[in-house]
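Okay, so here's the structure we're looking at.
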Amino acid sequence: MEITIIHKQSDAIHFLVEGVDVAFANALRRTMLTRLPAMAIDEVIVIENTSVMYDEMLAHRLGLIPLITKLDDYNLPQECDCEGKGCSLCQCTLTLEKEAGDQETVVYSRDLSSQDPKVVPASGEIPIVKLAPHQRLIVEAYARLGTGAENAKFQPVATVAYKYVPVVSVDKTKCDRCGACVEACPKKILKLDGDKVSTQNTLDCSMCEACVQECESGAITIDSKKDSFLFKVESSGALPPDEIVERAADILKERVREALEFAGSL
Amino acid sequence: MDIRVIENSKYVLVTEIRGEEHSFCNLLRKTLLEEESVDFAGYMIEHPLLASPVFTLKTKRRQANVVLREGLEKMLARTEEFRKRFHQAASQHETE
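Residue numbers (the numbering used here), protein chains in the order written: chain C, 162 to 427; chain A, 18 to 113.
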């Protein structure tokens, strides 16, 4: 097994895994999507809402705001000592109080003030509701940990996807150097290099096969490696992308260990 | 994860794996099929929302529970290796 990081940004990671099968890649992807916990607002008490938006709609919008999650600081409610009733170990209170003056005002996610300074909206720029002059909004919201299997708002990831590693090959004996494929490729993989067609940045290839269709002599073939996967993981902002992958692997490992315990008892 | 035995004989093992779905079962199936002595490995989810997967393993020459244990050990080692190598690669790579 070989892992190469291609890009790493604060909110996304691209990496290449070689020497695993589809089942493993898919198990990892599904684990990141549905099993990895993240914080989200789950209960809202509306104390005052004179805006045009219904309370339910407002609560829904608040729920969808990604919150920065510290997984070691909070318990999942079903695993907490309070048995899911809600305590400071499994719940975080956020409050929002805003009144429009003589001008209309937009309430943003940054207006939420949290009881825990670590659990704050991942972005402060998310608009929640627009208030007309003198309208008022006072809400109290409770955030908790949850998993994507329960509700998509708890997913710490936006995109998790993998693709096969493309193999673009040009048969030199068949190629007539017409250059049609170079024009056709939307990802600029192929280039005319003197008297031969060569490939560059093949990992970007989307396997659209536009070059194969263009090539009249049939010199180009597009194939994929069956044991290598290019992963793309984009975080919603709740967790850093490398932590998402590592925690997902931990969760998968824990499940296998549980099954192993059972198999040992047979 | 809550596993219940439906059938357990020398060469046949049928279990219901509660709280799991395709991610775990498909990985287990593929890992078991790599083994020479596995005759059949597969799972079925009777209903996508209401039922848990029922995993069936049939082996020849070797005991089913031993083969299952080996398969799971292989899965554990692979996941562990992935975790380790990813951590190593990610910690060496600078954030852009």
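Cβ coordinates follow ideal geometry from the N, Cα and C atoms, glycine included.
Practice problem: Closer than 6 Å by C-beta to GLU258 (chain C): which residues in its own chain qualify, once you throw out the five before and the five after it? Chain order, please. | Solution: ILE299
Exercise. Can you tell me which of C:MET193, C:THR266 and C:VAL406 puts its alpha carbon nearest to the alpha carbon of ALA293 (chain C)?
Key: C:THR266
Exercise. Use the C-beta contact count for ALA68 (chain A): other C-beta atoms within 10 angstroms, 16 or more gives buried, fewer gives exposed.
Key: exposed
Quiz item: Using the beta-carbon of each residue, which ones in chain A are nearer than 9 Å to GLU179 (chain C)?
Solution: Within 9 Å Cβ-Cβ: nothing; GLU179 (chain C) doesn't reach chain A, min ~10 Å.
Self-check item: Reference MET92 (chain A), options C:GLY425, C:LYS414 and C:GLU422, closest by Cα
Solution: C:LYS414
Quiz prompt | Chain-ordered residues of the segment 70-93 of chain A with a beta carbon less than 8 Å from chain C | solution = ASN82, LEU85, ARG86, LEU89, GLU90, MET92 and LEU93
Practice problem: Could you check what DSSP says for VAL31 (chain A) in three-state terms: helix, strand or coil? | Solution: strand
Self-check item: C-beta contact flag for SER330 (chain C) and THR360 (chain C) at 9 Å
Solution: yes
Practice problem: Please specify which runs of the alpha helix (DSSP H), each continuous and at least 4 residues long, are wholly inside the segment 312-381 of chain C, giving them in chain order. | Solution: 341-345 and 371-375
Self-check item: HIS64 (chain A) at chain C interface by Cβ criterion, 9 Å
Solution: no
Practice problem: Return the first residue and the last residue of the alpha helix (DSSP H) that ASP159 (chain C) is part of. | Solution: Chain C is shown from 162 up to 427; residue 159 (chain C) falls before or after that span and cannot be answered.
Quiz item: Which of the three DSSP states, helix, strand or coil, is assigned to ALA283 (chain C)?
Solution: coil
Quiz item: Quick one: which chain C residues come within Cβ less than 7 Å of LEU44 (chain A)?
Solution: ALA184, PHE185 and ALA188
Quiz prompt | Length-filtered (4 minimum) alpha helix (DSSP H) runs lying within the segment 177-203 of chain C | solution = 183-195
Exercise. Out of C:GLU344, C:PHE315, C:ASP182 and C:SER378, point me to the one whose CA is closest to LEU400 (chain C)'s CA.
Key: C:PHE315
Quiz item: Can you name the residues that DSSP bridges to LEU306 (chain C)?
Solution: C:MET200
Quiz item: Is ASP272 (chain C) helix, strand or coil by DSSP?
Solution: helix
Exercise. Give me the Cα-Cα distance between VAL22 (chain A) and ILE174 (chain C), rounded to the nearest whole angstrom.
Key: 41 Å
Quiz item: Per DSSP, THR428 (chain C) forms a beta bridge with which residues?
Solution: Past the boundaries of the shown model lies residue 428 (chain C); chain C is included only from 162 to 427, so the question cannot be answered.
Exercise. Report the option in A:THR32, A:LYS47 and A:PHE72 whose CA atom is closest to the CA atom of VAL183 (chain C).
Key: A:LYS47
Self-check item: Euclidean distance between Cα positions of ALA322 (chain C) and THR211 (chain C)
Solution: 42 Å
Quiz item: Would you report the Cα separation of VAL373 (chain C) and VAL281 (chain C), rounded to the nearest angstrom?
Solution: 50 Å
Quiz prompt | Closest by C-alpha distance to LYS27 (chain A), when choosing among A:VAL71, A:ASN82 and A:GLU51 | solution = A:ASN82
Quiz item: Mind checking if ARG35 (chain A) is an interface residue toward chain C, Cβ cutoff 9 Å exclusive?
Solution: no
Quiz prompt | Exposure label - ILE208 (chain C); buried when at least 16 CB within 10 Å | solution = exposed
Self-check item: Residues, ordered as in the chain, of the segment 47-61 of chain A that lie near chain C by beta-carbon distance below 8 Å
Solution: LYS47 and THR48
Quiz item: What did DSSP end up calling HIS168 (chain C) once you bin it into helix, strand or coil?
Solution: strand
Practice problem: Would you list the one or two residues that DSSP bridges to MET61 (chain A)? | Solution: A:VAL71
Exercise. Compute the beta-carbon to beta-carbon distance between ARG191 (chain C) and HIS64 (chain A), rounded to the nearest angstrom, for a pair I have assumed lies under 8 Å.
Key: Going by Cβ atoms, the distance from ARG191 (chain C) to HIS64 (chain A) rounds to 19 Å, so no, they are not a contact pair.
Quiz item: What residues in its chain sit with their C-beta under 6 Å from that of LEU49 (chain A), if we drop five residues either side in the sequence?
Solution: VAL55, ALA58 and GLY88
Quiz item: Which residue comes first and which comes last in the beta strand (DSSP E) that contains VAL83 (chain A)?
Solution: Where VAL83 (chain A) is concerned, there is no enclosing beta strand (DSSP E), although the alpha helix (DSSP H) it sits in stretches over 81-109.
Practice problem: Hey, could you find the ends of the beta strand (DSSP E) PRO401 (chain C) is sitting in? | Solution: That residue, PRO401 (chain C), is in no beta strand (DSSP E); it is neither H nor E in DSSP.
Exercise. Could you give the DSSP three-state label for THR48 (chain A): helix, strand or coil?
Key: helix
Quiz item: Taking 9 Å as the CB-CB cut-off, is VAL22 (chain A) touching chain C?
Solution: yes
Quiz prompt | Option nearest GLU98 (chain A) by Cα separation, candidates C:GLY340, C:CYS336 and C:MET162 | solution = C:MET162
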